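I have placed the structure first, in the form of structure tokens, so that the comments after it can refer back to it.
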């Protein structure tokens, strides 16, 4: 029972952004073009190609990323309202008072 409760209260994971959605769809072709499956090699080529893409080419990936982000925000609110995240941490996992100096 406790394991099920823990699963239910697990914080939703952040969605991929537009670049990562595009990369996941195009990794195989990029790997062939780069001639290597090594992350840094493929990543560098992918970054160059993404930057060179027009806004119209990026639009479908940005729309999908926006959908995923909205779903994530909703899931996060549901998770918080059901008792998840009861600690003093904010969304990025850092303590709210961390880094602040007493004035």
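In the numbering used here, the protein residues as written are 12 to 114. The beta carbon of each residue, even a glycine, is placed where N, CA and C say it ideally should be. Nothing here was measured: the structure is a model prediction, and the numbers come from that model.
Closest option to residue 37, judged by alpha-carbon separation, among 70, 92, 60: 60.
Distances from the alpha-carbon of residue 66 to those of 26, 30, 25 put 30 closest. In the same chain as residue 75, and ignoring 5 residues on each side of it, the C-beta atoms closer than 6 Å to its own belong to 32, in chain order. Within the segment 17-98, the complete alpha helix (DSSP H) segments at least 4 residues long are 29-45, 50-63, 66-92, listed from N- to C-terminus.
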